[in-house]
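**Q**
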Amino acid sequence: MTRRVLLVSTLFFFFHFAQSQTTPCNCAQELDFVSTQLRTVPSYKSQVKDDGVSEALLNALKVEIKDDPRAEINCLYYVQKYLTIVRDKHLSASARSATVDFQQYDYRITDDLTTVLNKAAGKSDSLTGIYNLDDVYRVAVVPDDQVEGRYLGVVLESTNRNWQPKMIKFVLTRTPDGYDGLFYGGAFVPDYQRIQPREGRLYPERWIKTDAATDYAFNPYLMDEDLFQYRMLDGGTHYVRLGSFSGQNKNYAMASKLREEMESKIQVGNVIVDLRNNGGGGSRTSDLFLDFLKKNKKNLRVFVLQNYFCGSDCEQFLVKLKSQQSVTAFGENTHGAIAYGFGNRSTRQETTPCYKFTLNLTEKKYEKYLDYEEVGIAPDQYLHTRSDWIEQVLGKL
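In this text, residue positions in the sequence shown follow my numbering: the first is 1, and each later residue adds one.
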């Protein structure tokens, strides 16, 4: 290398080093990167007709960031919130390789717990009160004295040793159609979730108000680990659990084994197909069961169990099944992650420049399913959560 080239290279290095020192990485820059990436996905191209809408949300979030003393720890929340500019629930951001030290989280209320409990007991509105999450956390949801329309979820008790009384587990901010929820996970990683208070529950989260506990005695999301099951229920009803449509070889082998068992045991009668917690996969696996049910549709009465965590190819399977034969579905609305996907290749991922968050970006669209995106597929009959769902369905057959 000549002395001249070496000198130019050295100056180039120090220029960029100095530039990086004077313009430190921050959450606003993170959002700019995400905005550029988002414009490449099919949901953005088909749904956002005016880039000004995206810019408006981007600028509004930057104002929030500027006013947030915990902006670094909360940055993932702002990234996730920005992604909601489009209806595409496959789009996601996670802290898989994050450089942020979430353990620095130290967000506590200054009031003593007696004051917090008095605020919760005052019930100034329907949202205020005491809530539980699966016997792990007990929190008081109370209005934030500093910001109108904002509520704090203050820890009262916790079996997670990371979380101590007076720490703030989540923040809810009122919007025209519900609440923006900033939820901190067990290890303090933030997560954005739109929240609708429904009959004592912060839906779709499972924070349950204490005085509504009886109405949520049964948890329809707790399933055992066997993803593929067959058994005969009382009264001769067949039960089939389809817990995943992943196309990975191990999962496909388990699905194929269940299909063989169904061939030998199910010829006639009622069949409950349980799709709860099936996060999807691909048609390679789901078609095994779609074909079986179609082949035997003259001899079978098919009933489906569905919940909020039936998503993606699980939802597509449900739509296809209903189009080919008579089916009655029970439960609640599905996840609403159906109109977009990752294609046949590995998920397209990008790493953000500042905090090294992982962006999962969609590449395929199925516009015929767009009406279900974010809304989900409604069941034919909703089930309550006071008792076991399988027992409820059996009582309706």
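Just so it is clear, CB atoms sit at the ideal spot from N, CA and C, and this is done for glycine as well. None of these values were measured; they are calculated from a predicted model.
Quick check on Thr23: does DSSP put it in helix, strand or coil?
**A** Because the pLDDT at Thr23 is just 49, under 50, the model does not fix this residue reliably, and the value given afterwards should be weighed accordingly. In this structure, Thr23 counts as coil in the three-state DSSP scheme.
**Q** Could you please give the first and the last residue of the uninterrupted beta strand (DSSP E) stretch that includes Lys169?
**A** Lys169 -> beta strand (DSSP E) spans 168–175.
**Q** Within its chain, find whatever has a CB closer than 6 Å to the CB of Arg87; leave out the 5 residues flanking it on each side and keep chain order.
**A** Contacts found: Glu373, Glu374.
**Q** Compare the beta carbon distance of Ala66 and Leu31 with 8 Å and say whether it is the shorter of the two.
**A** Residue identity differs from the one stated: residue 66 is Lys in this sequence, not Ala. Their beta carbons are not under 8 Å apart, which means Lys66 does not touch Leu31 by this criterion.
**Q** What do you reckon, are the CB atoms on Leu288 and Phe317 nearer than 8 Å?
**A** Result no, Cβ atoms of Leu288 and Phe317 do not sit closer than 8 Å.
**Q** Assign Phe17 to one of three DSSP states: helix, strand, or coil.
**A** Low local confidence applies: a pLDDT of 39 at Phe17 is under 50, so the model's placement there is unreliable, with the coordinate-based value given in what follows. Here Phe17 sits in helix by DSSP.
**Q** When you compare the stretch 81–100 with the stretch 158–172, are there three or more beta-carbon pairs, one atom per stretch, that lie closer than 8 Å?
**A** Too few Cβ pairs lie closer than 8 Å, so no.
**Q** Please report the Cβ distance between Ser312 and Gly341, rounded to the nearest whole angstrom; I am assuming they are in contact, meaning their Cβ atoms lie under 8 Å.
**A** That belief holds up - the Cβ atoms of Ser312 and Gly341 are roughly 7 Å apart, short of 8 Å.
**Q** According to DSSP, simplified to helix, strand and coil, what is Asp191?
**A** Strand, per DSSP.
**Q** In angstroms, rounded to a whole number, what distance separates the CA positions of Leu394 and Ala255?
**A** So the alpha carbons of these two residues sit roughly 25 Å apart.
**Q** For the structure I just gave you, are there three or more beta carbon pairs, one from the stretch 373–390 and one from the stretch 347–360, closer than 8 Å?
**A** Not touching, per the Cβ criterion.
**Q** What distance in whole Å lies between the Cβ atoms of Leu275 and Val304, which are believed to be in contact at a cut-off of 8 Å?
**A** The pair is a contact, with the Cβ atoms about 6 Å apart (cut-off 8 Å).
**Q** What does DSSP give as the partner residues of Pro143 in its beta bridges?
**A** For Pro143, which the question treats as bridged, DSSP gives the partners Tyr151.
**Q** Check whether the Cβ atoms of Tyr308 and Thr334 lie closer than 8 Å to each other.
**A** Contact flag set, yes.
**Q** If we call anything under 8 Å between Cβ atoms a contact, is Ile130 one with Thr214?
**A** No, these two residues do not count as a Cβ contact at 8 Å.
**Q** May I ask you to report which of helix, strand or coil DSSP gives Ile130?
**A** Here Ile130 sits in strand by DSSP.
**Q** Residues in its own chain within less than 6 Å of Asn251 by CB, not counting five upstream and five downstream?
**A** Once the five neighbours on either side are set aside, the close Cβ partners of Asn251 are Ser244.
**Q** In angstroms, rounded to a whole number, what distance separates the CA positions of Asp112 and Glu55?
**A** Rounded to whole angstroms, Asp112 to Glu55 spans 41 Å at the Cα level.
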